[in-house]
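S.K.:
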Amino acid sequence: MTRRYRSASFACGSIGAFLTVVYTFRLDSGLDDLIVLVVAVGSCAALAAGPRLHRPPDPWPWRLLAGAAILSVCGLIGRPWAVGQHGAAVYSAEAFTLSGYALLITSLALMLRPRGLGRHALTDGFIISLGAAVAATLLFAVPGAQVRTWPMLLSVLAGLYPFVDVVLLLLLLNLAFSSAADVVSFRLITVGMIGLFLGDGGYAWLGTLGQLHGSALLDLPYLVTYTAFGAAALHPSMVELSSVTPRTVQSWSVPRLALIVPALLSPTLLALLQDPPPADRVVVVVATVGLVAALLNRATSAVHGYARAQQVLLDQATHDALTGLPNRAGLADHVQALLRDREGGPAVSLLYVDLDEFKLVNDHWGHETGDRLLVEIAGRLTGIAGPHCFTARIGGDEFAVVGRLGEGPACLAETLREALALPVQLSGLDLVVTASVGIATAGDQRTAEALLRDADTALYRAKADGRNRCTAFQAGMRQTVRARVETELQLRQALGQDQLWVAYQPVIDPRSERTVGAEALVRWNHPDRGPIPPGEFIPVAEETGLITQVGSWVLEKSLEQLAGWRRDDLLPDPFTLSVNMSAHQVHDPHLLPWLRSALDRHRIPVDRLVLEITESVMMADTETAADVLSGMRALGLRLSVDDFGTGYSSLSYLSRFPVDEVKIDRSFVHRLGEAGGGEAIVRAVVAMAEALGLEVVAEGVETPAQCEALCHLGVHRAQGWLWGAAVDGEEFARRHLAAPVTRAAGNP
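Here it is in structure tokens:
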């Protein structure tokens, strides 16, 4: 459809151009009149049809343009007749034509209305139009007014045309300085306006000679105008002229200067070329003063605009778009200024605030809710910190408050933490988020980055200690962070250099003390540092995402070992191998296909593998966890809840997720037999598990008394140092598979 309308516009322009060329040959006066009539009427028809075909948002500019064309046609055709008339009839052609110009001015003004008049565009248009007005006055209006061959009123009307063209030029320039310049319909209108200016210029020159009607070639530019206007109305881009927004243009762009410079020079050039009389010199002087004033205003406006643009860019570079708070760059500048000017005043302190588990808000309620929550948090921080502190959003869910707090940063940090923990009402939801705060006070730091780094280090310790707490920086923390970074780098190397190995701890039936399974545990022997405890490198692997690679490696090695024991016919029946799964692994979309492939590759029955998952993994994202765990269960894998009792311990998720067993945490097992110990808790867990059809495994069994208590409470599987430490696969087979189980030395 659009292509067809473009073809109609092209056809209109082509026919008009062809007839205009024929008109230039002046083959016959009757044919010339017919061509003018066909082109003019055709243009009017196209202008009337365009809004009906394309339905622009505002059709009135085109309707007025069609009316202007009709009135102009009447004036053009009637002018030869009106020249020979007397009385009021002599003004008939001018009345039609000037009325058409009034409609044309209104049409362009309506096209300009959605964009408005930009200050620079209006000033530039004024400069150019004023230059054109001076030229029109000195070349056409004044000489035309001095002609006495027709009535004075007719001279005045004839002298109006140059000034009307100046108004049209001003409107056209303001449209051109907006994005309308890129629209095909506007370009066609511009061509038509150029033709109109040339035609009016020809008749104005004719008026200086005392004539109202001359050669028919003077009407040639109007044929171009009619043709271009008709093609513009039929082109589909005419719709855009009612909705295009302004574009940013350089203050002194080359296209603008190409129009402004001649306008500025026009009074001087005309004065030099014409040697005008005193009255005309007054016009030149007034115009020159006006142009200089407009140019000064333009220059001042450009400087101010440049300064405003620089300020906007600076604000964007140093402020957060969402909350309006300063960003990390703005914070660094402010902290550096405080550090430079801290002599004699209270110490500069920085509070590094991080929201705990903010990702859950985005995952469950969407990023829009998360953004609104961040805005609310930013408002709370700013309100509590007060005007004497500087509050910034560093990025994501991290904020900072800095000021000369002296001895009071810990007090302010606690106030902030407690305030942030209050519910936030958003869209009918009461959201509660906690925050961890790292505190650093300027000591020897001479840079903002050093203070930020220390506060970040303290925040890391607060997170590691359990979140929702405030921690002040201490010098020893630097070594902790440095050690963590070194551990991360060395762990990456360990994955590729076979420094990791898998140890196996037996799972025992405490009644018969028979081996019924094993738990695979990752170990690390560093070539220089020696054995590195799992409690040191596993958290680092979790934080950096390396746990996915480590977990996959442990799974592969464990399945390979289990397959080897099966080939050697060493496994009792039943025998299960337990392997821990991290949150990163559970949410890995490739986990299930990989597990299925690995089990098939090693020819291991799926019910021999138990995957251990902590309570926090399931509670972090219940929908995702439910889908993944259901997929594991559908595959035939057994699922175990590790460290049960230390987290949420909710019956709701145990009944909702496809779990096979729970592992009682060692902290409860250790208290068995003590006054007020863990017997009641273990009893409750066993009763709950029996009600849900789950098996129970006790961890951390170290004494015969604990073993006997577990047997008495009905626990049928246990593991711990009572039966020895975790060992490699070969030693495990020798101790626990090829011979009866014995208790470890020192454990009678």
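So for the sequence shown, our numbering puts the first residue at 61; every next one is plus one. Ideal Cβ placement from N, Cα and C applies to all residues, glycine included.
(1) Here's a check: name, in chain order, each residue in its chain whose Cβ is nearer than 6 Å to the Cβ of V413, leaving out the five neighbours to either side.
(2) Here's a check: name, in chain order, each residue in its chain whose Cβ is nearer than 7 Å to the Cβ of S690, leaving out the five neighbours to either side.
(3) Taking 9 Å as the cut-off, decide whether the C-beta atoms of R777 and D569 are in contact.
(4) What does the Cβ neighbour count give for F792, buried or exposed, with the cut at 16 atoms within 10 Å?
(5) Using 8 Å for Cβ pairs, my map puts L511 next to L410. What's the rounded Cβ distance?
(6) Looking only at C-alpha atoms, which of E755, G753, S700 and E759 sits nearest to S727?
(7) Kindly give me the distance between the Cβ atoms of L637 and L669, rounded to whole angstroms, as I take these residues to be in contact under 8 Å.
(8) Distance, Cα to Cα, R86 vs S245?
(9) Using C-beta distances below 7 Å, list every residue in its chain close to G466, excluding the 5 sequence neighbours before and after it, in chain order.
(10) Do L732 and V688 count as a contact pair if the criterion is CB distance below 9 Å?
(11) Pair every Cβ in the region 432-439 with every Cβ in the region 379-398, then say whether three or more of these pairs are closer than 8 Å.
(12) In angstroms with no decimal places, state the Cα-to-Cα distance between L415 and A500.
(13) Can you find a heavy atom of the ligand GDP that lies under 8 Å from the Cβ of H379?
(14) Starting from the C-beta of V133, find all residues in its chain whose C-beta is less than 6 Å away, skip the five residues before and the five after it, and write them out in chain order.
(15) Suppose only complete runs of 4+ residues qualify. What are the alpha helix (DSSP H) ranges in the region 378-448, listed by chain order?
(16) Is the beta carbon of M537 closer than 9 Å to that of R527?
(17) Let me check understanding here. Comparing Cα to Cα, which of A293, V576 and G102 lies closest to S167?
(18) Relative to the alpha-carbon of G102, which residue among D118, S74, S89 and E573 has its alpha-carbon at the smallest distance?
(19) Flag this pair as touching only if the region 546-557 and the region 606-624 have three or more C-beta atom pairs under 8 Å; answer yes or no.
(20) For L482, is the classification buried or exposed, using 16 other Cβ atoms within 10 angstroms of its Cβ as the cut-off for buried?
(21) When you compare each of S152, R626 and P119 to G135 by their alpha carbons, which one comes out closest?
(22) Does DSSP classify A473 as helix, strand or coil?
(23) If you follow the beta strand (DSSP E) that T575 is in, where does it begin and where does it stop?
(24) Can you list, in chain order, the residues of its chain with a C-beta nearer than 7 Å to that of H448? Leave out the 5 residues immediately preceding and following it.
(25) Given G90, which residues of its chain have a CB within under 8 Å of its CB, disregarding the five upstream and five downstream residues?
(26) Just to confirm before moving on: does the CB-CB distance between A438 and L476 stay below 9 Å?
(27) How many Å lie between A798 and G780 at the Cα?
(28) Shortest alpha-carbon distance to P222 belongs to which of L256, L491, D93 and R247?
(29) Grab me the residues of P591's own chain with a C-beta within less than 8 Å of its C-beta, minus the 5 sequence neighbours each way, in chain order.
(30) Verify whether the separation of the beta carbon atoms of V299 and P117 is less than 9 Å.
(31) Would you report the Cα separation of E573 and M692, rounded to the nearest angstrom?
(32) Using a threshold of 9 Å, state whether the C-beta atoms of Q621 and A785 are closer than that.
(33) Which one or two residues does DSSP pair with P566 in a beta bridge?
(34) List the endpoints of the continuous beta strand (DSSP E) containing P594.
(35) In this structure, does DSSP put E458 in helix, strand or coil?
(36) Express the C-alpha separation of L170 and F156 in angstroms, rounding to a whole number.
M.R.: Looking at the coordinates:
(1) Within the sequence shown, the letter at position 353 stands for residue 413. The residues are F459, A495 and V497.
(2) Numbered from 1 along the sequence shown, position 630 holds the residue referred to as residue 690. Closer than 7 Å at Cβ, skipping near neighbours: P718.
(3) To locate residue 777, count along the sequence shown from 1; it is residue 717. To locate residue 569, count along the sequence shown from 1; it is residue 509. The answer is yes: Cβ separation under 9 Å.
(4) For the purposes of this step, residue 792 is identified with residue 732 of the sequence shown, where counting begins at 1. The residue in question, F792, is buried, as its Cβ has 16 or more Cβ neighbours within 10 Å.
(5) Taking the sequence shown and counting its residues from 1, one reaches residue 511 at position 451. Taking the sequence shown and counting its residues from 1, one reaches residue 410 at position 350. Right, their Cβ atoms sit about 5 Å apart.
(6) Residue 727 sits at position 667 when you count from the first residue of the sequence shown. Nearest of E755, G753, S700 and E759 to S727, Cα basis: E759.
(7) Within the sequence shown, numbered from 1, the residue matching residue 637 stands at position 577. Within the sequence shown, numbered from 1, the residue matching residue 669 stands at position 609. Contact holds; Cβ gap of about 6 Å.
(8) Here residue 86 is taken as the residue at index 26 of the sequence shown, counted from 1. Here residue 245 is taken as the residue at index 185 of the sequence shown, counted from 1. Roughly 30 Å between the two C-alpha positions.
(9) Within the sequence shown, the letter at position 406 stands for residue 466. Only P406 and A407 meet the Cβ criterion.
(10) Here residue 688 corresponds to residue number 628 of the sequence shown, with the count starting at 1. Here residue 732 corresponds to residue number 672 of the sequence shown, with the count starting at 1. No, the pair does not count as a contact, with Cβ atoms beyond the cut-off.
(11) yes
(12) Locating residue 415 in the sequence shown gives position 355, counting from the first residue. Locating residue 500 in the sequence shown gives position 440, counting from the first residue. Rounded to whole angstroms, L415 to A500 spans 18 Å at the Cα level.
(13) In terms of ligand content, the structure shown is empty, and the ligand GDP therefore cannot be addressed.
(14) Reading the sequence shown from its first residue, position 73 is the one you call residue 133. Cβ neighbours of V133 beyond the five flanking positions: A100.
(15) 388-400, 418-425 and 427-445
(16) Taking the first residue of the sequence shown as position 1, residue 527 is located at position 467. Taking the first residue of the sequence shown as position 1, residue 537 is located at position 477. Taking 9 Å as the Cβ cut-off, R527 and M537 do not qualify as a contacting pair.
(17) Against the sequence shown, residue 167 aligns to sequence position 107. Looking at the Cα atoms, A293 is the closest of the given residues.
(18) For the purposes of this step, residue 102 is taken as residue 42 along the sequence shown, with counting starting at 1. The residue with the shortest Cα to Cα distance from G102 is S74.
(19) yes
(20) For the purposes of this step, residue 482 is identified with residue 422 of the sequence shown, where counting begins at 1. Exposed, because fewer than 16 other Cβ atoms sit within 10 Å of the Cβ of L482.
(21) Reading the sequence shown from its first residue, position 75 is the one you call residue 135. Cα-wise, what sits closest to G135 is S152.
(22) In the sequence shown, counting from the first residue as 1, residue 473 sits at position 413. Residue state, collapsed to three classes: helix.
(23) The count along the sequence shown starts at 1 and reaches residue 575 at position 515. R574 to H586 is the extent of the beta strand (DSSP E) around T575.
(24) As a first step, residue 448 must be located in the sequence shown, where it is residue number 388. The residues are G463.
(25) Working through the sequence shown from its first residue, we reach residue 90 at position 30. Hits under 8 Å: none found.
(26) Taking the first residue of the sequence shown as 1, we reach residue 438 at position 378. Taking the first residue of the sequence shown as 1, we reach residue 476 at position 416. No. Outside cutoff.
(27) Residue mapping note: residue 798 aligns to position 738 of the sequence shown, counting from 1. Residue mapping note: residue 780 aligns to position 720 of the sequence shown, counting from 1. When rounded, the distance between both Cα atoms is 20 Å.
(28) By one-based count along the sequence shown, residue 222 stands at place 162. Selected option, being the one with the closest Cα: L256.
(29) Locating residue 591 in the sequence shown gives position 531, counting from the first residue. Excluding sequence neighbours, P591 sits near R583, W584 and N585.
(30) As a first step, residue 299 must be located in the sequence shown, where it is residue number 239. As a first step, residue 117 must be located in the sequence shown, where it is residue number 57. Against a cut-off of 9 Å, the Cβ pair of P117 and V299 comes out as a contact.
(31) On the sequence shown, residue 573 is found 513 positions in, with the first residue counted as 1. On the sequence shown, residue 692 is found 632 positions in, with the first residue counted as 1. Near 30 Å, if we compare the C-alpha coordinates of M692 and E573.
(32) Counting from one through the sequence shown, the residue named residue 621 turns up at place 561. Counting from one through the sequence shown, the residue named residue 785 turns up at place 725. For Q621 and A785, no; Cβs fall outside 9 Å.
(33) For the purposes of this step, residue 566 is taken as residue 506 along the sequence shown, with counting starting at 1. Answer is A578.
(34) Taking the first residue of the sequence shown as position 1, residue 594 is located at position 534. No beta strand (DSSP E) contains P594, which is instead part of the alpha helix (DSSP H) from P594 to T604.
(35) Counting from one through the sequence shown, the residue named residue 458 turns up at place 398. It is a strand residue.
(36) What you label residue 156 is simply residue 96 of the sequence shown in a count that begins at 1. What you label residue 170 is simply residue 110 of the sequence shown in a count that begins at 1. The straight-line gap from Cα to Cα measures roughly 21 Å.
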